[in-house]
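Notes to accompany the following structure.
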Amino acid sequence: MKHLVVGTAGHIDHGKSTLVEALTGIDPDRLQEEKARGITIDLGFAPYRHGDTQLAFVDVPGHERFVRNMLAGASGMDCVLLVIAADESVMPQTREHFDICRLLGVGGGLVALTKADLVDEETLELVRLETRELIAGSFLDGAALVPVSARTGAGLDDVRRELAALSDGASGRADSGIPRLPVDRTFSVKGFGTVVTGTQASGVIEGEGELTLMPAGRRVKVRGLQVHGEPRPASRAGQRVAVNLAAVGV
């Protein structure tokens, strides 16, 4: 089975989390503060299956104050779902997130023109033109631009088809090499201790094995693993992984 990570990108309030929930049935906003304020602050995650490919959505914050969190999520992306609201078009964080994806070498993706039900066809065409101008000559040049409304459901099947085409054309990541897990989030769970999460870059992590914590060079023991919230005996490259580490403080 292939494993691909699809990261969202786009301006605040352009509907990234809402679109992910409409596609997967999972609300990626997990913090109470996020729900209270109606914005994404930390990284959110939601799995999505297509055929023999397991996709993992990484939902990143759109607010300029949380660009560090966005960078943490973008570093593990295989492809991007660039979200642009049809009633606002390209905005400052749209450009910033797009530039970050370019600099990090994200390989492909698609563009979702959200809130398409709020505008007429003439406005939508103007947004298409501005979007094509933004992505011209980039890794998204020629990518699909899909009008969609998470509220009405219009266009969701089109987004799913484009995601399927992306996953069918992707090669996935090799399991060879030493296991590497760039950590994008750490937290403590009562009774279990420290948990680190990230997108596994290479190799295989065994559920009761040992890892080296860098840059300290400290050997640490793995107490347990979860992939997409499910306990697993091992994790592989391209998967979203949570690792419970023994005797490590946050």
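In terms of the working numbering, the sequence shown opens at residue 7 and continues consecutively.
Ideal Cβ placement from N, Cα and C applies to all residues, glycine included.
Predicted model, so just to flag it, every value in this text is computed and none were measured.
Within the same chain, and ignoring the five residues on either side of Val-247 in sequence, the residues whose Cβ sits closer than 8 angstroms to its Cβ are Leu-187, Thr-203, Gly-204, Thr-205, Gln-206, Ile-211, Leu-231, Gln-232, Val-233, Ser-241. Distances from the alpha-carbon of Gly-16 to those of Leu-219, Val-117, Ala-150, Leu-109 put Val-117 closest.
Contact check for Leu-130 against Ser-155 fails: the beta carbons are separated by 9 angstroms or more.
Going by DSSP, Thr-192 is part of the beta strand (DSSP E) stretching over 189-195.
By the neighbour-count criterion, in which 16 or more other beta carbons inside 10 Å mark a residue as buried, Gly-223 falls on the exposed side.
In the assembly as shown, Lys-22 is a buried residue. Its beta-carbon has 16 or more other beta-carbons within 10 Å. Collapsing the DSSP output to three states places Phe-198 in coil. By the criterion of at least three beta-carbon pairs nearer than 8 angstroms, the stretch 96-116 is in contact with the stretch 138-157. Beta bridge pairing from DSSP links His-20 with no other residue. Each residue's CA atom was taken as its position, placing Ala-253 and Gly-209 some 23 angstroms apart.
Distance from the Cα of Thr-59 is smallest, within the candidate group Pro-221, Leu-169, Val-195, Leu-110, for Leu-169. For Pro-237, the beta-bridge partners assigned by DSSP are Gln-232.
Taken atom to atom, the span from the alpha-carbon of Ile-90 to that of Val-66 is near 14 angstroms.
As a beta-bridge residue in DSSP terms, Arg-224 pairs with Leu-219. In the DSSP assignment, Val-152 falls within the unbroken beta strand (DSSP E) covering 151-153. Here Met-220 is exposed: its Cβ has fewer than 16 other Cβ atoms, across all protein chains shown, within 10 Å.
As the crow flies, the alpha-carbon of Glu-27 is around 5 angstroms from that of Asp-33. Sequence-distant Cβ neighbours of Gly-235 in its own chain, meaning closer than 6 angstroms and more than five residues away, do not exist here.
Following the DSSP letters along the chain, one finds Pro-98 inside the alpha helix (DSSP H) bounded by residues 98-109.
Of the other Cβ atoms in all chains shown, 16 or more fall within 10 Å of the Cβ of Phe-63; this residue is therefore buried. In this structure Leu-87 touches Val-12 by the C-beta definition: roughly 6 angstroms separates them, less than 8 angstroms.
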